[in-house]
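Notes follow the structure.
Protein chains: 4
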Amino acid sequence: MRLRRRLIGVIGSSVGTPEQIYLARAVGRLIAQRDAVLVCGGMTGVMQAAAQGAQEAGALTIGILPGANAAESPPNEFIEIPLFTGLREARNYLIASVCEGLIAIGGGYGTLSEIALALRLGKPLVLLHSWQFQIEGELLSVPTADTAEEAVERLWATLG
Amino acid sequence: MRLRRRLIGVIGSSVGTPEQIYLARAVGRLIAQRDAVLVCGGMTGVMQAAAQGAQEAGALTIGILPGANAAESPPNEFIEIPLFTGLREARNYLIASVCEGLIAIGGGYGTLSEIALALRLGKPLVLLHSWQFQIEGELLSVPTADTAEEAVERLWATLG
Amino acid sequence: MRLRRRLIGVIGSSVGTPEQIYLARAVGRLIAQRDAVLVCGGMTGVMQAAAQGAQEAGALTIGILPGANAAESPPNEFIEIPLFTGLREARNYLIASVCEGLIAIGGGYGTLSEIALALRLGKPLVLLHSWQFQIEGELLSVPTADTAEEAVERLWATLG
Amino acid sequence: MRLRRRLIGVIGSSVGTPEQIYLARAVGRLIAQRDAVLVCGGMTGVMQAAAQGAQEAGALTIGILPGANAAESPPNEFIEIPLFTGLREARNYLIASVCEGLIAIGGGYGTLSEIALALRLGKPLVLLHSWQFQIEGELLSVPTADTAEEAVERLWATLG
Chain Y
26 MRLRRRLIGV
36 IGSSVGTPEQ
46 IYLARAVGRL
56 IAQRDAVLVC
66 GGMTGVMQAA
76 AQGAQEAGAL
86 TIGILPGANA
96 AESPPNEFIE
106 IPLFTGLREA
116 RNYLIASVCE
126 GLIAIGGGYG
136 TLSEIALALR
146 LGKPLVLLHS
156 WQFQIEGELL
166 SVPTADTAEE
176 AVERLWATLG
Chain G
26 MRLRRRLIGV
36 IGSSVGTPEQ
46 IYLARAVGRL
56 IAQRDAVLVC
66 GGMTGVMQAA
76 AQGAQEAGAL
86 TIGILPGANA
96 AESPPNEFIE
106 IPLFTGLREA
116 RNYLIASVCE
126 GLIAIGGGYG
136 TLSEIALALR
146 LGKPLVLLHS
156 WQFQIEGELL
166 SVPTADTAEE
176 AVERLWATLG
Chain P
26 MRLRRRLIGV
36 IGSSVGTPEQ
46 IYLARAVGRL
56 IAQRDAVLVC
66 GGMTGVMQAA
76 AQGAQEAGAL
86 TIGILPGANA
96 AESPPNEFIE
106 IPLFTGLREA
116 RNYLIASVCE
126 GLIAIGGGYG
136 TLSEIALALR
146 LGKPLVLLHS
156 WQFQIEGELL
166 SVPTADTAEE
176 AVERLWATLG
Chain L
26 MRLRRRLIGV
36 IGSSVGTPEQ
46 IYLARAVGRL
56 IAQRDAVLVC
66 GGMTGVMQAA
76 AQGAQEAGAL
86 TIGILPGANA
96 AESPPNEFIE
106 IPLFTGLREA
116 RNYLIASVCE
126 GLIAIGGGYG
136 TLSEIALALR
146 LGKPLVLLHS
156 WQFQIEGELL
166 SVPTADTAEE
176 AVERLWATLG
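Chains Y, G, P and L are the protein sequences, given in the same order. So that you can map any letter, position 47 of the first sequence is 72 in this note's numbering, and since no number is skipped, the others follow by simple counting. So that you can map any letter, position 46 of the second sequence is 71 in this note's numbering, and since no number is skipped, the others follow by simple counting. So that you can map any letter, position 121 of the third sequence is 146 in this note's numbering, and since no number is skipped, the others follow by simple counting. So that you can map any letter, position 65 of the fourth sequence is 90 in this note's numbering, and since no number is skipped, the others follow by simple counting.
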């Protein structure tokens, strides 16, 4: 009987900056080195770079896609397990729900929704050059990181 | 044949501050005066105050609830149409999706997720004493307001 | 404070036979006469006829639509409250979940899925010229009806 | 770069008969021998037997669970990748959506909903000692099978 696997998400934009792409690939590699499964939105940009890094280092990669099939939302070439949800933006919830912890890299409103849902669900989360948010001047205690190594280390420190 | 109705959402915490409760009830009343249907999460706090204001001014009120029935998630007493989704936090997506426009008042991570999903779906949205967020120093152009009147006016100015 | 409303669903094909259309409109009318809100999938065929009957008799009509907006899934003209879910076929679950009881008239696989989900969720349900199903020769005790009147009476007899 | 994997679902009751359990384990084994990933609802009964057969023959096993975590819905011990959706019965839709083809073994209303959703989504499907259904006397052309071997062969014959 094989052990149940740990699922870690990397969330970010489908159009990453060169720096975000570099960070995502490094984060993917480090997640693989810790024997976790890489979960992402399955598309281009940060999602693709994270899947590439993870697959290059031997990890299983899962893409939770908005479309109902590959014609509607083509998975990037580093996704081994594409999950075609057909739920479009509602799939953002699923990414937050199925992961044990997540790292956010940059990102648009979709990424912000995944960050918020992950925090709402009480998931460990580290922000890497990503959104900053506050309400009524209150400082929030979401962990941040400056490098891929620091992000992965901080995330693992908060996992059960 | 009756006309199709306009659905406007008010999102915010189930534990609002007195100021947020005051604002939510006023916003609900103003939405009713513009002949729209009030949509909210159906629970306590800001959701209840918005439904109360809307119902007092004659509007239909819809609550999109996380639980599968009233025992799991009791609707507040001002909800005329409770929609028991059974989807828990995934129902946040639905609130953003079914509304033509939304006003956010204060709020926690759940509200932040609804704000982000609404923006991702391209819905008109006004922030009223709610979240502020930025990424990589970029200023975002989400409309804000200081009073209930201003929030409703700004929202209606952006509706089709 | 107004009373919470009872939501009753009518499910069936977007391309009904003349007999199904006749039955759906009659069922819609009878649901309205019992002061319930009519819920359906919001589209053509059986859904439209049920909404028409309900609206003609004064009821509020809710359409739970697969698309994200009216361009993607135009509501029929008798839907007063269109709920654009953007969830496509996953919206079938929602129809079963939000209704207190349902009547199925004819229907395709979508309707069969709604019937099965309603039964799975323990919702009162009456089949009117609709699917028959059995497993391993076991007879199932889902109530059936031959007329609109009988369907509505049988449904109300099982509501709480 | 590794190839994208084929996902095949086995659906059935959490309380299977001895014959269904035997069939499910055999089907799981045969799916593994054809190098596909086994997808199921992750729980006991038919789901567990299918995962056991697949894992024994070397396949990756994915469980799409109703609960938000292992406390809410414990995966069976043969699930390598548990996906905690938190969507409860709405997760039935996901099982139908993410699989390229499915085999139904026995089953209750939950399984019937998955069968109907799979057919609605146009997924290849084989019924193995499972539901029979008809409408208005019309015979439906859903493929059936009597043995595990026949079920898997018939399914593969209809995959693209």
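Ideal Cβ positions, reconstructed from N, Cα and C, are used throughout, including at glycine.
Ends of the beta strand (DSSP E) at residue i?
i: G:L146; result: From DSSP, G:L146 is part of no beta strand (DSSP E); its letter is neither H nor E.
i: P:V35; result: L32 to G37
i: Y:L108; result: I106 to F109
i: G:F158; result: W156 to I160
Less than 8 Å between the CB atoms is what I'm expecting for residue i and residue j, so what's the real figure, rounded?
i: P:V62; j: G:L108; result: Between G:L108 and P:V62 the Cβ distance is about 10 Å, and since that is not below 8 Å, they are no contact.
i: L:G147; j: L:L184; result: That pair is no contact at about 12 Å.
i: P:H154; j: L:E163; result: The pair is not a contact, with the Cβ atoms about 12 Å apart (cut-off 8 Å).
i: Y:G70; j: Y:S98; result: No, Y:G70 and Y:S98 are not in contact; Cβ-Cβ is about 13 Å, not under 8 Å.
i: P:I89; j: P:V64; result: 7 Å
i: G:E114; j: L:G111; result: 7 Å
i: Y:L142; j: Y:A121; result: 4 Å
i: L:R30; j: L:W181; result: Actually they are not in contact, since the Cβ atoms of L:R30 and L:W181 sit about 15 Å apart, beyond 8 Å.
Express the C-alpha separation of residue j and residue i in angstroms, rounding to a whole number.
i: Y:L144; j: P:S166; result: 45 Å
i: G:N117; j: G:S138; result: 7 Å
i: Y:L150; j: Y:F158; result: 14 Å
i: P:L48; j: P:A79; result: 12 Å
i: G:I46; j: G:A74; result: 6 Å
i: Y:A76; j: Y:I106; result: 11 Å
i: G:R54; j: G:A82; result: 5 Å
i: G:R179; j: G:I130; result: 14 Å
i: G:V35; j: P:A176; result: 38 Å
i: P:P100; j: G:Y134; result: 33 Å
i: G:R27; j: G:N94; result: 30 Å
i: G:L119; j: P:G66; result: 16 Å
i: L:A57; j: L:G132; result: 22 Å
i: P:F103; j: P:T86; result: 7 Å
i: P:M72; j: P:I140; result: 15 Å
i: G:G92; j: Y:P43; result: 43 Å
i: L:I33; j: L:T136; result: 15 Å
i: L:I128; j: P:V40; result: 29 Å
i: G:A96; j: G:T172; result: 35 Å
i: P:A170; j: P:A84; result: 23 Å
i: G:R50; j: P:W156; result: 47 Å
i: G:P168; j: Y:M68; result: 30 Å
In terms of residue numbering, what span does the alpha helix (DSSP H) encompassing residue i cover?
i: Y:L127; result: It is not in any alpha helix (DSSP H) - Y:L127 instead sits in the beta strand (DSSP E) that spans G126 to I130.
i: G:V40; result: G:V40 -> no alpha helix (DSSP H), and no H or E assigned at all.
i: Y:L180; result: A173 to T183
i: P:S122; result: R116 to V123
Problem - Residues of the segment 106-133 of chain Y whose Cβ lies closer than 8 Å to any Cβ of chain P, in chain order - result: Per Cβ criterion, the list reads G111, L112, R113, E114 and A115.
Exercise for the section: Identify each residue in the segment 42-68 of chain G for which the Cβ-Cβ distance to at least one residue of chain P is less than 8 Å, and report them in chain order. Expected result: Answer set for the segment 42-68 of chain G: V62.
Practice task
Can you check the segment 54-93 of chain P for any alpha helix (DSSP H) of at least 4 residues that lies completely inside it and give the ranges in chain order?
Solution key: Within the segment 54-93 of chain P, the runs of alpha helix (DSSP H) at least 4 residues long that lie entirely inside it are, in chain order, 71-81.
Practice task
For the segment 135-159 of chain L, enumerate the residues whose C-beta is nearer than 9 Å to any C-beta of chain P, in chain order.
Solution key: Here the close residues are G135, T136, L137, S138, E139, I140, A141, L142, A143, L144, R145, L146, H154, S155, W156, Q157, F158 and Q159.
Practice task
Closer than 8 Å, Cβ to Cβ, to anything on chain P: give me those residues from the segment 78-97 of chain G, in chain order.
Solution key: Taking 8 Å as the upper bound on Cβ-Cβ separation, chain P lies near residues Q80, L85, I87 and A93 of the segment 78-97 of chain G.
Handout entry: Residues, ordered as in the chain, of the segment 169-185 of chain G that lie near chain Y by beta-carbon distance below 9 Å
Key = Closer than 9 Å at the C-beta level to chain Y, one finds no residue of the segment 169-185 of chain G.
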